[in-house]
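Below is one structure; the comments refer to it alone.
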Amino acid sequence: MLGDSRPAWHGLWAFAATEARVQLHEYLSIASTVLVQVIFIFFVWLLAPPYLLPFALVGSMVFSAFVIGERVLNEAAYIRIDHKLNELYHASPLSPESYFLGMGIGVLTAYLPTLVFIGLLTEAVHPLSLAAGGLLLLVLIGVWLIASSLGYILSTLFRDMRAIWPYSTLLFNFFGVLPPVFYPLGLFPGWLAPLALVLPPSAGAALLMYVIGLESLSGGQVILAATALIIETLLLSVAAVFWSRRTSREGA
Amino acid sequence: MPNISIEVGVSSNLHPPTTDLAVSAHGMRKVYHTRGHPAVEALRGLDLTVKRGERVALLGRNGAGKTTFLKIASTLLLPTAGTLEIFGLDAVKRPEEVRPLIAVVPQEGHPFYHLTPWEQVYTYLRSRGFPRDVARDRTESALKDMGIFDIRSQLNVTLSGGQQQRTMVATVLATEAPLLFLDEPTLGMDPFARRGVWAALRKLTDRGSTILLTTHYLDEAESLSQRVYIVEHGHVVAEGTADELKRRVGGTVRVTMPEAGAHPADYESFGRIMAGDGVLHVITEPRRVSEILNLALSRGISPTVGPVTLEEAFLQLVGRAIEEDAR
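Top to bottom, those sequences are chains A and B. Quick note: the first sequence, position 120, residue 244 per the working numbering, numbers continuous. Quick note: the second sequence, position 269, residue 992 per the working numbering, numbers continuous.
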């Protein structure tokens, strides 16, 4: 319905900057995202055996990238339902895919302080090689893209903010905390391990823990986790681009 | 044929407008289907045209179909049937070609609460592709036009409802888009602010933009628009200038007197009689006013004289349409 099927990124960075400004004005919200992770890691340091601390640190970064999806879901729904700003932006040269991705990039800025801070803590506790650092970046980008796409798509299905809050919190905490994201895959029931290796946050965490030497995975498990993450990133990103175009006009 | 200059950003690839009609809608139908509820036909074959450079108001009761039409015209809603061209471009099939040419003030929209008015307008212009210096100049100008330049650095969340609405209007007016859709743009504004918006809209159409707006303030429609469409039950029931619509009521002057002691039959020969709320209105032509005044005064009644308002015309025309629909 929107003609050329290739993504048109007109206005992407300008809208991302807009959304980033919105996020950066909410200082307390940014501080709380850092604080929640720091408190969690503090309790792990206090209560858990020392060998689990690096797991918690890596998991904290992956979780922070994943939970961006919850913020994208809430933000996209809020500015559509309460502010009607989607109408302002869709009836303009800004492409629908720029609107979706710009929102994802903008929300990411709110989590950068957390990611950088936890990254520095990880480096201090368990120094990363260049290759591990590179993979860390790739995994975080993949998880962020998956979560943002999921959050944006889901945001369009709701008509009431009150209905969104419990679902979004449940969804992103269920998949971001319950599987082995903050702890070793070996502590997860063996028969559920393949599922953990295809769920984006735990697949990303397993790959990272393997590369930095915290986790021993078989070749098949590495391939499964990497393939799942790559395919999910591509599929959900393309789906979000398609869905953003479709929902830029009601009834389409 | 006059050509208009369209500045929508450096990277937009536009088809130049090829028609004098900014909006041309024919047979627009929209049926809403909601699971578990009967289908609602919001538009029933609505026809409407807006010439380039015009200011046109769309009037109607709540639920008449105004916002539905505005959403369809601004490519935000797909119609069930009908054709719609914006500057000669097919807005139903090729919305992406139309979007660079339009800007919309949504009904009951709010600016980003965690941006300032300056940031709201400036970043919107940047996202539409305007260079920094142009965006800066237009932001300043739009905020001044809307009377909110002094509060440009306060977060929108701290502003009053009227100030937030002015920020929304400033955001859209600053685009100077060839075609602006404004859905109740002055909702919640004080009379001074409303007049500021009117002046800014007039300035924009003087520069070549076209405006289609909805409003429930009939004085606004009368003062601002060059033509008016009245919509009822999803179709147009009247169209014309405010004066033309008022003439359809039966006259341009209203003589009002207390109902007590005034017999409607005495005044029927002068024009249309409307009674209610304890008063009797005689809608007539200016040349008959002195006769009515003399008659009323001779019977000890003190009438007042005033112009027929668009509101009276609206009530009459919509009332008739409701009666016809009921039959």
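Each residue gets a CB set at the ideal place from its N, CA and C atoms; glycine is no exception.
At a Cβ-Cβ threshold of 9 Å, residue 182(A) and residue 329(A) count as neighbours. Where residue 996(B) is concerned, the enclosing beta strand (DSSP E) starts and stops at 995-999.
Taking CB atoms only, residue 891(B) has a neighbour in chain A less than 9 Å away. For residue 906(B), DSSP records a beta bridge to 937(B). A Cβ-Cβ separation of about 5 Å places residue 266(A) in contact with residue 353(A) under the 8 Å criterion. The beta carbon of residue 1036(B) sits closer than 6 Å to those of 968, 969, 972, all from its chain and outside the five residues before and after it, given in chain order. Look at the beta carbons and you see the segment 869-884 of chain B not touching the segment 924-931 of chain B: under three pairs across the two are nearer than 8 Å. At a C-beta separation below 7 Å, residue 152(A) has no neighbours in chain B, since its nearest C-beta there lies roughly 11 Å away. Among the bridge pairs identified by DSSP, residue 774(B) is matched with 744(B). Look at residue 974(B): its C-beta is not under 9 Å from any C-beta on chain A.
Rounded to the nearest angstrom, the gap between the Cα atoms of residue 819(B) and residue 133(A) is 13 Å. The beta carbons of residue 238(A) and residue 143(A) sit no closer together than 9 Å. Listed in chain order, the alpha helix (DSSP H) elements of length 4 or more contained wholly in the segment 194-249 of chain A are 209-214, 220-249. In this structure, the CA atom of residue 256(A) is about 18 Å from the CA atom of residue 307(A). Judged by DSSP secondary structure, residue 809(B) falls within the beta strand (DSSP E) whose first and last residues are 804-809. Only buried fits residue 275(A), as 16 or more other CB atoms lie within 10 angstroms of its CB.
Residue 959(B) is positioned such that its CB atom lies no closer than 9 Å to that of residue 1008(B).
At a cut-off of 9 Å between beta-carbon atoms, residue 217(A) makes contact with chain B. Contact note: residue 797(B) reaches chain A through 211, 214, 215, using a C-beta cutoff of 9 Å and chain order. In the DSSP assignment, the residues bridged to residue 755(B) are 763(B). Setting aside the 5 residues that flank it on each side, residue 321(A) is surrounded in the same chain by 327, 330, 345, 348, 349, 352, each with a C-beta closer than 7 Å to its C-beta; the list follows chain order.
When Cβ-Cβ separations below 9 Å define contact, residue 894(B) makes contact with chain A.
Rounded to whole angstroms, residue 135(A) and residue 943(B) show a C-alpha spacing of 35 Å.
If you look at residue 950(B), you'll find it in the beta strand (DSSP E) that goes 950-955.
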